[in-house]
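Per mature numbering (1 follows the signal peptide of the UniProt record, and there is no 0): the sequence shown = residues -33 to -1, 1 to 336. Positions of the beta carbon are idealized from the N, C-alpha and C atoms, including for glycine. Predicted model only: the values in this text are computed from it and were never measured. The next block holds one structure in the form of structure tokens; read it before the comments.
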Amino acid sequence: MSRHRWMMGSRGARLWMLLWILNIVYSTNKVRASSLSALRVPPAQLSTPTFALKVLGEPKDDMRSFLLALAAHEQREANASAAHSAIIVFNYVEPKRKRAFLTALARLPERSVHRPYVLMLLGFNMDEECFVHASSMRFEKLCKTARELLYDRGDFLFANFDLGDTFLLDDNNPLRGVTIPPPGYRSLPPFDPDAPTRYFLTFRGIRNLGYYNSSRVREHLARAFAGWNDDRIQIWIDKSRFRLGARGAPPYDELFNSSFSLTAHGHGRWTFRFSEIVMACSIPVYLADGITLPFDQLVDWSKCSFLIPEREAENATQLLAHLPNDEHIVRAMRHCICEINAQYFATPEKRVDGFLKSILVETKRTRSR
Ligand SMILES: *[C@@H]1O[C@H](CO)[C@@H](O)[C@H](O)[C@H]1NC(C)=O
Ligand SMILES: *[C@@H]1O[C@H](CO)[C@@H](O)[C@H](O)[C@H]1NC(C)=O
Ligand SMILES: *[C@@H]1O[C@H](CO)[C@@H](O)[C@H](O)[C@H]1NC(C)=O
Ligand SMILES: *[C@@H]1O[C@H](CO)[C@@H](O)[C@H](O)[C@H]1NC(C)=O
């Protein structure tokens, strides 16, 4: 057989060649599935910027550990003009003080867009002014001022548990900045991602409607799963806070021994539950149109979580069709969530580290725009 003939191949050789290529493709996929990572950049390659910090108002209990870790951070500087960013935490803006608050924001002296303010605006909502009473002259100007300040000032970045939290009736225009992991979580030991789970999908929450009618997804979920008969799927939606001990429901913590955990738009889009899901190494399934996910600058959540349109909650079969059943895929995704937790969620210090690194990545994005 000449060398030439061998290269061209007989039918058998071509078949062998095809099998060999298929084998490579198959084993590469296997490797990929078991080493799925959502970290966009190896954390060691990311530096932590310097920052100055001002905390206004009394922090709620659940924010205290994060703010203490931030205040104690070695990159904190006393001199705001020398620091990379000026972080200002606004713990709560009383509704009747919105106008004064916006005036104060407008008076902040300009900083460079490369060394911005990071405004942590917790509990500041403008839905009434901008949507509910949008036709009222009284609110028109206030809404316009807010929009200009929040969207147009190049030296402002924002930090929140959902960057759209100020406008629950607008799912398409989150503020620019960094999403931080929800506070107030129950401390859960991570469930071993290689061990079998008790449940496939779980949810436990109160049947809250979205503020200003921004969502009815929990109501739809309750209806879609009513009478659903599968022990591996536990969807518990209580009518009121007082029934959280509903008879028959598994203990809250045990629900996270689940391949997937739902979290759904309640009063607002973000939930305390999201942090608990990640800390338990369960795969998050978010039903909250317009939600922004934590540390998006560092984490590619599409690798190991699901963001499903709220309308899909109207049909349980349709919702479940989004979730993979393959044990290898589930395990790889749970490992991927465990890694995010270990890197950026597990302690207040790690959350602060993720926050500061995200700020730096976000400012670099600004620079390259
Ligand atoms: C703060 O930093 C700026 C810029 O680096 C510098 O010009 C200024 O002197 C510093 N102020 C104080 C009080 O150290
Ligand atoms: C999770 O559930 C599995 C299956 O029921 C059980 O074997 C395992 O012990 C549970 N894990 C924990 C940490 O409770
Ligand atoms: C919310 O919607 C319901 C009907 O779906 C309506 O009766 C109610 O007035 C609305 N509430 C607000 C605050 O708009
Ligand atoms: C839910 O979706 C499935 C699959 O698309 C469909 O067969 C079923 O009729 C739907 N159920 C309802 C109640 O709409």
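- Ordered along the chain, residues surrounding ligand 1 are Asn46, Ser48, Ala49 [Cβ under 5 Å from any heavy atom].
- When DSSP states are grouped into helix, strand and coil, Asn224 belongs to the coil group.
- The three-state reading of DSSP puts Asp205 in strand, counting E and B together.
- Contact check for Val266 against Ile326 fails: the beta carbons are separated by 9 Å or more.
- In this structure Ala283 touches Trp195 by the C-beta definition: roughly 6 Å separates them, less than 8 Å.
- Here His232 is near Leu254, since their CB atoms are less than 9 Å apart.
- Closest in alpha carbon position to Lys317, among Glu281, Leu37, Ser272, is Leu37.
- For the pair Pro315 and Asp94, the Cα-to-Cα distance works out to about 31 Å.
- Excluding the 5 residues flanking it on each side, Arg332 has same chain C-beta neighbours closer than 8 Å at Gln264, in chain order.
- A direct Cα-Cα distance of roughly 25 Å separates Leu109 from Val22.
- Along the length of the region 69 to 134, whole beta strand (DSSP E) runs at least 3 residues long occupy 84 to 88, 123 to 127, reported in chain order.
- Around the CB of Tyr118, fewer than 16 other CB atoms lie within 10 Å, so the residue is classed as exposed.
- Ile54: member of the beta strand (DSSP E) spanning 52 to 57, first to last residue.
- The C-alpha of Phe123 lies about 25 Å from the C-alpha of Thr238.
- From the listed residues Leu222, Pro26, Leu72, the smallest Cα separation to Arg165 is found for Leu222.
- The closest heavy atom of ligand 4 lies 8 Å or more from the beta carbon of Ala189.
- Counting C-beta pairs closer than 8 Å gives three or more between the region 14 to 21 and the region 46 to 54, which meets the contact rule.
- Under DSSP, Pro251 shares a beta bridge with Ser228.
- Among the bridge pairs identified by DSSP, Thr164 is matched with none.
- Not one heavy atom of ligand 2 lies closer than 8 Å to the C-beta of Phe227.
- In the three-state DSSP reduction, Gly321 falls in the helix class (H, G or I).
- Here the distance from the Cβ of Thr284 to the nearest heavy atom of ligand 4 is below 8 Å.
- Contact between Leu136 and Phe125 is absent: CB atoms are separated by about 18 Å, not below the 8 Å threshold.
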